[in-house]
Amino acid sequence: MLQFLKKVGIGKERSKDLTYEEAYQANKKILNREATDIQTGFFWGAMRIKYATEEELTGFIDALKEETQYIETDEIIPVDIAVGYDGKDKTLHILPASIFIATGAGAKIVGHGNENVPSKFGITYHQVLETMGCRLLSEKEDILKVLELSGFSFYHQRFLNPKLASLLPKRQEFGLRTYLNTIEKLLNPFKTTKVLIGVAHTPFVKKYMTLANHMGFKDIFVVKGLEGGIEPYPDRETKIYTNKIFSVSIVSKDIKEKTPKITSVEENAKVCLSILKNEDNPLKDWAVMTAGLILIAYGKTEDVKEATRLAEESLKSGAAFESFEVYRSFSSLYT
30 MLQFLKKVGI GKERSKDLTY EEAYQANKKI LNREATDIQT GFFWGAMRIK YATEEELTGF
90 IDALKEETQY IETDEIIPVD IAVGYDGKDK TLHILPASIF IATGAGAKIV GHGNENVPSK
150 FGITYHQVLE TMGCRLLSEK EDILKVLELS GFSFYHQRFL NPKLASLLPK RQEFGLRTYL
210 NTIEKLLNPF KTTKVLIGVA HTPFVKKYMT LANHMGFKDI FVVKGLEGGI EPYPDRETKI
270 YTNKIFSVSI VSKDIKEKTP KITSVEENAK VCLSILKNED NPLKDWAVMT AGLILIAYGK
330 TEDVKEATRL AEESLKSGAA FESFEVYRSF SSLYT
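Read the sequence shown against this note's numbering and you will find it ends at 364, with the numbers running on by one and no gaps.
So this is what it looks like as structure tokens:
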């Protein structure tokens, strides 16, 4: 490990980039606990100062890829919701409602994550789902089955990559973002070809495009959304970057509710349940808009207006809530 520290840990001006093989070996040593805690923390800190190159990130993610427990979805080709595992600490999650609005309109969606991840240590959307009565599934067969039945499935990091998950206490002690925050959400544990990526900073878009392509994604959408998620801003234009021949831009003209602040996971769950039941709610339009974006990334349509229409129909017909109930019921049976 020392040879890698000598390259990246000698100051911003004098540090050198790692080759692909060096990055791969360094992350492998960290995963296998062959690096000491001090060496691991020093390496993470040095990479924060230096900034990881695309070649380094590719080496890092390939080391994780070897330890990932993949799920084959056969003929189902879902869209992977690739958002930061560190959650949100300022704004509300509308994604738990939007996911089932989109599945009610025919989309297949997968997600993955962990909780209490630095640097935000925020509330995650799967914690909101748990508060809504859903449970985490651990067996691959159950995770695949609920995807077939409800249109959505979630794979927790401690099951999809136990070695990576076991680093969480070290990451919590370190307290800051590391390159793991960048790459863990692109592991593609369902081996799909469609991805919707949330990004907080525009300069990261190109890196995410490159890494997503490396991980087998073909239809790639990157959103500079609210608090780094995939949820469009409810009060201004949101740009979506894509490798497709068409571009997407969402303008929130008619949403009166400005950026909604987070209160608690319980209140967040109440909002999402209210929307799924198609009750009057000032955030319903935002949920529909987010579901529309998911439908575009899934490939239902390329048109924002048509995506919005499909999402609205899913809510009005009760298909969204029915999809959620299937997921909640199944996950409760197999925990």
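All C-beta atoms, glycine included, are put in the ideal place defined by N, C-alpha and C.
Selection from Ser179, Gly162, Phe183 that minimises the alpha carbon distance to Lys169: For the residues Ser179, Gly162, Phe183, the minimum Cα distance to Lys169 belongs to Phe183.
Is the beta carbon of Arg200 sitting closer than 8 Å to the one on Pro125? Contact flag unset, no.
Simplified DSSP assignment, three categories, for Lys169: Helix, per DSSP.
Residue span of the beta strand (DSSP E) that contains Thr267, given as start and end: Following the DSSP letters along the chain, one finds Thr267 inside the beta strand (DSSP E) bounded by residues 267-271.
Just curious, the beta strand (DSSP E) that Gly142 is in, first and last residue? It spans 138-142 - the beta strand (DSSP E) in which Gly142 sits, taken as one unbroken run.
Distance check for Ala194 and Asp248, CA to CA, integer angstroms please. Spanning the two alpha carbons is a distance of roughly 28 Å.
Is there contact between the region 213-223 and the region 91-104, where contact requires at least three CB pairs shorter than 8 Å? Flag = yes, the region 213-223 and the region 91-104 touch.
Strictly by DSSP, which residues pair up with Phe203? Paired residue(s): none; Phe203 is not in a bridge.
May I ask you to report which of helix, strand or coil DSSP gives Gly133? DSSP, reduced to helix, strand and coil, places Gly133 within a helical segment of the structure shown.
What is the C-beta distance between Asp103 and Phe219, in whole angstroms, given that I count them as a contact (C-beta under 8 Å)? Your pair Asp103 and Phe219 does not check out as a contact, with CB atoms roughly 11 Å apart and the cut at 8 Å.
My guess is that Ala349 and Gly133 are in contact by the Cβ rule of under 8 Å, so how many angstroms apart are they, rounded? Sure, about 4 Å apart at Cβ, within 8 Å.
Could you check which residue in Lys57, Ala75, Asn61, Glu51 has the C-alpha nearest to that of Glu42? Between Glu42 and the set Lys57, Ala75, Asn61, Glu51, the nearest pair of CA atoms involves Ala75.
Can you tell me whether Thr56 is buried or exposed? The criterion is at least 16 other CB atoms within 10 Å of its CB, across all chains shown. Per the sequence shown, the amino acid found at residue 56 is Asn instead of Thr. Answer is buried; the Cβ neighbour count reaches 16.
Alpha carbons only, please: which of His185, Gly113, Val294 is nearest the one belonging to His230? Ranking His185, Gly113, Val294 by Cα distance to His230 puts Gly113 first.
Please state the DSSP three-state secondary structure of Ala92. Three-state result, Ala92: helix.
Where do the N-terminal and C-terminal ends of the alpha helix (DSSP H) with Leu225 fall, by residue? It is not in any alpha helix (DSSP H) - Leu225 instead sits in the beta strand (DSSP E) that spans 223-227.
Mind reading off the beta-carbon distance from Ala316 to Ile304? Whole number of angstroms is fine, and I expect it under 8 Å. That belief holds up - the Cβ atoms of Ala316 and Ile304 are roughly 5 Å apart, short of 8 Å.
Would you check if there are 3 or more beta carbon pairs closer than 8 Å linking the region 155-164 to the region 139-146? Yes: the two stretches touch, three or more of their Cβ pairs being nearer than 8 Å.
Using DSSP with H/G/I as helix, E/B as strand and the rest coil, what is Val355? In this structure, DSSP gives Val355 a helical state, which the three-state scheme calls helix.
Per-residue DSSP class, three states only, for Asp109: Looking at Asp109 - three-state DSSP - the assignment turns out to be strand.
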